[in-house]
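Protein sequences appear in the order of chains A and B. Position in the first sequence (first residue = 1) + 39 = this note's numbering. Position in the second sequence (first residue = 1) + 39 = this note's numbering. In what follows, a structure is listed as structure tokens, so that the remarks can point back to it.
2 protein chains.
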Amino acid sequence: MIGTPLLPEIRELIEQRNFSALQRIFNDWLPVDLAELISDLPENEQAVLFRLLPKGLATETFEYLDFDSQQNLLTALTKKHVTHILNSMSADDRTALLEELPGTVVQELLKLLSFKEFKIAKTLLAYAEGSVGRLMSPDYLSVKKDWDINQVLDYIRTFGHDSETLNVIYVVDDIGKLKGELLARTLLLSAPEKTVSEIIAEDKLITLTASQDQADALEAFKRYDSVALPVVDSNGYLIGVVTVDDMLDVAEEEETEDIQKFGGIEALEEPYIDLPIPQLIKKRAVWLVILFVGEMLTASAMAFFEDEMAKAIVLATFIPLIMSSGGNSGSQAASLIIRSLSLGEITIRDWWKVMRRELVSGLALGCILGTIGVFRVIIWASVLGHLDTKWLYIGFTIGISLVGIVMFGTLTGSMLPLLLKRLGLDPAVSSAPFVATLVDVTGIVIYFSVASLLLGGILL
Amino acid sequence: MIGTPLLPEIRELIEQRNFSALQRIFNDWLPVDLAELISDLPENEQAVLFRLLPKGLATETFEYLDFDSQQNLLTALTKKHVTHILNSMSADDRTALLEELPGTVVQELLKLLSFKEFKIAKTLLAYAEGSVGRLMSPDYLSVKKDWDINQVLDYIRTFGHDSETLNVIYVVDDIGKLKGELLARTLLLSAPEKTVSEIIAEDKLITLTASQDQADALEAFKRYDSVALPVVDSNGYLIGVVTVDDMLDVAEEEETEDIQKFGGIEALEEPYIDLPIPQLIKKRAVWLVILFVGEMLTASAMAFFEDEMAKAIVLATFIPLIMSSGGNSGSQAASLIIRSLSLGEITIRDWWKVMRRELVSGLALGCILGTIGVFRVIIWASVLGHLDTKWLYIGFTIGISLVGIVMFGTLTGSMLPLLLKRLGLDPAVSSAPFVATLVDVTGIVIYFSVASLLLGGILL
């Protein structure tokens, strides 16, 4: 039952300019499906279809549109239509739209708002990007402690239509301080003659503040399985409400940032496909250059071992294999530890436990790869028909180096996120490329040290 | 107001064995906070404290406990106590517990259930892991179309106490087929004398099926901003309900899998710190060995260029620098495209648009690194006092190779996820290490080809 609208049929009706048929069909659609249809249309057709929607549905649909389509409609629709939409849309969705627009456009649009909505919009935009204030809606319902359930129900029927949620309503005292919350569940289960104060538990109230980070709000929603949480100011006055549906979007944004960071890239903040190419390049270039400069040390390290390589050029041929094994095991460890840290499964205090686990894992993985490496060299040499003591020694050089490098990669990958966290930095900075770069230089030193030890007098 | 309980105070009361004081304190606590406290205690103390909780709070607290503590309590508590908890806990939380336990233990525990709960538990466990069935609760409230609102409210007050959610109740016909849903919002806003059929919209119903993937359910919740969605069987009979709070957990699990896969590791399915080390090694070894075997091609490629290296050993010293640049730019591109695909920002059909963007980005990034590379070589040679035409040529070999390799890395990283998706595979398999491995072999070939062209007759 979930799905994309049947585009071909609709397309035909649009081409026939059969607007009355479209209008009939659209009345049965959900706003989110209408929004998807309109987003898929070319820009010049979006407004034509959007105008077919009745007022209420138009505003709801507008809230679901992507930013580009919203921007297009703001210029294509009449001033009167835009005024209606901006004044009637949810305060939190409006904030999300306005924060993406250039300042001059925002000023123009704010002029279209009624005095009340203007004040709300200004207040919400005053909160920092990424803060709870930018997500909250001031459209909540609040009741008094001495009301009985029947009074509450009457009040809801009269004033509840514009409320962002009715799954929770709030209890405030005479001066607006938050005193408790009344879940729709409690309300529906309580006898009509009971008073609010009899059915709410004041001391178990979870609240957010407007300046709080959205990621903290997400934690609270997860922890307490809430459908909505109240936002209070520093004096305990109720100023807004955040609903759980916004949290799924916050979770998605957080994940996007994490994955991009782990890929060694600054978080984009906009969809990949919409980001102008110069910005896309800038977001990538910073880390790429830092890593490149760091990796230059490998060239210096190798220059240091030039004599060894000149004597046994075969040693050089295994460098990529050995280096990449360190990088790969490091990436694995880093992805495990970064994620565990962000889920709160481990804390910095667990570093010793993590280190022991990683030492054992690294040793085991190193032995597995080392064994394969030894066989690779021996079999290769046999196939080429020149297996001798020299090649056996080369095989063991590769094998022992692999054990050391995989262990070093695993330890670096696991300890670096913990160290970054300890220093107050974001553990996610220890991206796969960053760990690989760190491990590469050391890998070369380990490899040639093992080679010097084992092959001294034989090859070197 | 969100936070961890004050452990030192509590610890003191536990040491004093002041159980009556603890009991008084615990009565004011939220189940989730109690669960955190109990999880933090040593295993032998967990049951002592848990027994202090009144029955209802005990069950709720049990639902929030981590799996290890739950398992510990199942063995430490009396059979009577365990029987009560298992029979009174939410069906979906019970499923989550049972699916983690070994089969023999599950059989023992199922025997403790009442006939009704036994049937429910068996049914839910029959659904595949990761399916909607494992998340759903059969405790929903359903009403008939011809009831009026007053009748519905009375029905809720009488039978609603065990319902998983009252934010949505369902409308079914006489034989149990789902006909519509009644949001708490609609219910609260409607006049008491209206009938259910007057206030529900039948045609806009979104449903899930029990066998559906949990990730699909997450998409539906995000798309429709739902607080709960009904689950129907293939004939349209209502069989359960899934609530949005479970979705935040699903989102978290999906993200964990994505990050682990991108780190080049099989998804763990259990917290890192709880996973036995042998399994931890196994989860990592598979990909590490595959990548290692793939990377062996680099040794073969380099063996092929052994003569060139023997003539100009300096060429070998830049190999790690050049290879890693390809891997890093590939990781960046892969992380961007995998995420964009999973957010639905791009589809396979956009491949040409993506390719153009990545060609431009790759060229720009390659030129940036290439320029730095040329300067690195020239400055290095000057510092060592042997800058001559030969070194200029080496510099340009490095620079041009970098342009080619970064472009190749960017294209591989961006196209591989699209290709995997086209083949019906999971795009997330194109992990940072996987992309790096693919790019490494080609990087060596590109580098030595450029070197042969530019340095032929000079060094080679």
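We put the beta carbon where it would ideally sit given N, CA and C, even for glycine.
Whole-angstrom Cβ separation of B:Leu354 and B:Glu345, contact assumed at under 8 Å?
That pair is no contact at about 11 Å.
Which residues in chain A have a C-beta closer than 7 Å to the C-beta of B:Phe357? List them in chain order.
Ala338
As assigned by DSSP and simplified to three states, the class of A:Asp252
strand
Local conformation of B:Gly303 per DSSP, three classes
coil
Distance CB(A:Glu220)-CB(A:Ile239) smaller than 9 Å
Yes, the pair counts as a contact, with Cβ atoms nearer than the cut-off.
Relative to the C-alpha of B:Arg461, which residue among B:Val489, B:Phe414, B:Ile385 and B:Ala490 is closest?
B:Ile385
Alpha carbon to alpha carbon, what distance is there between B:Val484 and B:Leu360?
14 Å
Among the residues of its own chain, which have a CB less than 8 Å from the CB of B:Gly303, if the five just before and after it don't count?
Cβ neighbours of B:Gly303 beyond the five flanking positions: Trp326, Leu327, Leu330, Ser470, Ala471, Pro472 and Phe473.
With 16 as the cutoff for other CB atoms within 10 Å, does A:Thr197 come out buried or exposed?
exposed
Residues bridged to A:Ala223 [DSSP beta-bridge criterion]:
In the DSSP output, where bridge partners are listed per residue, A:Ala223 has none listed.
Does A:Asp105 come out as helix, strand or coil in the three-state DSSP assignment?
coil
Using the C-alpha atoms, what's the distance from B:Ala60 back to B:Leu151?
33 Å
Interface residues of chain B facing A:Ala5 [CB-CB closer than 9 Å]:
The structure shown has nothing for residue 5 of chain A, since chain A only spans 40 to 499.
Kindly list, in the order they appear in chain A, the residues whose Cβ is closer than 9 Å to that of B:Ile497.
Result: empty, since nearest Cβ-Cβ is about 19 Å, beyond 9 Å.
Segment limits, alpha helix (DSSP H) that includes B:Val171:
Taken as a continuous stretch (DSSP letters only), B:Val171 belongs to no alpha helix (DSSP H), as it is neither H nor E.
Taking its Cβ as the centre, do 16 or more other Cβ atoms sit within 10 Å of B:Leu350, making it buried, or is it exposed?
Here residue 350 of chain B is Lys; the residue named in the question, Leu, does not match the sequence. Classification of B:Lys350: exposed, given that the 10 Å Cβ count is below 16.
Which residues in the same chain as A:Leu477 place their Cβ atom closer than 6 Å to its Cβ, once the five residues preceding and following it in sequence are excluded?
Within the same chain, and ignoring the five residues on either side of A:Leu477 in sequence, the residues whose Cβ sits closer than 6 Å to its Cβ are Thr451.
Comparing C-alpha positions only, which one of A:Ser108, A:Ala130 and A:Ser368 sits nearest to A:Glu397?
Among A:Ser108, A:Ala130 and A:Ser368, the Cα nearest to that of A:Glu397 belongs to A:Ser368.
List the endpoints of the continuous alpha helix (DSSP H) containing A:Ala372.
Ile358 to Leu382
Assuming B:Pro269 is part of the beta strand (DSSP E), what are its boundary residues?
Ala267 to Val271 is the span of the beta strand (DSSP E), which, as asked, contains B:Pro269.
Distance CB(A:Val445)-CB(A:Ile433) smaller than 9 Å:
no
Rounded to whole angstroms, how far is the Cβ of A:Ala249 from the Cβ of A:Glu293, which I believe are closer than 8 Å?
Incorrect: roughly 19 Å between the Cβ atoms, too far for contact.
B:Lys158, buried or exposed, once every other Cβ within 10 Å from all chains shown has been counted against 16:
exposed
Should A:Glu48 go down as buried or exposed, given a rule of 16 or more other Cβ atoms within 10 Å for buried?
Exposed, because fewer than 16 other Cβ atoms sit within 10 Å of the Cβ of A:Glu48.
Since B:Thr504 is in the beta strand (DSSP E), which residue starts that stretch and which ends it?
This structure cannot settle anything about residue 504 of chain B, because the visible part of chain B is limited to 40 through 499.
Between A:Leu116 and A:Ala74, which are expected to be in contact by the criterion C-beta below 8 Å, what is the C-beta distance as a whole number of angstroms?
At roughly 15 Å, the Cβ-Cβ gap does not stay under 8 Å, so A:Leu116 and A:Ala74 are not in contact.
According to DSSP, simplified to helix, strand and coil, what is A:Ser181?
Under the three-state reduction of DSSP, A:Ser181 is assigned to strand.
Are there 16 or more other CB atoms within 10 angstroms of the CB of A:Ala165, so buried, or fewer, so exposed?
exposed
The beta strand (DSSP E) with B:Val235 in it runs from where to where?
No beta strand (DSSP E) holds B:Val235; the alpha helix (DSSP H) holding it covers Val235 to Ile238.
Please classify B:Phe154 as buried or exposed, where buried requires at least 16 other C-beta atoms within 10 Å of its C-beta.
exposed
What's the gap between the Cα of A:Ala184 and the Cα of B:Ile278?
Note that residue 184 of chain A corresponds to Lys in the displayed sequence, not to Ala. Going by the C-alpha atoms only, they are around 38 Å apart.
In the DSSP assignment, the beta strand (DSSP E) including B:Ile208 goes from what residue to what residue?
Val207 to Val211
Buried versus exposed, by CB contacts within 10 Å (16 or more), B:Ser229:
Buried, since its Cβ has 16 or more Cβ neighbours within 10 Å.
Establish whether the CB of B:Met40 and some CB of chain A are separated by less than 9 Å.
Confidence is the limiting factor: at B:Met40 the pLDDT is only 37, short of 50, which leaves the residue's position unreliable and the question unanswerable from this model.
Using the beta-carbon of each residue, which ones in chain B are nearer than 7 Å to A:Asp212?
In chain order: nothing, as chain B lies at least about 17 Å away.
Could you check whether the Cβ of B:Glu345 sits closer than 9 Å to any Cβ belonging to chain A?
The beta carbon of B:Glu345 sits closer than 9 Å to some beta carbon of chain A.
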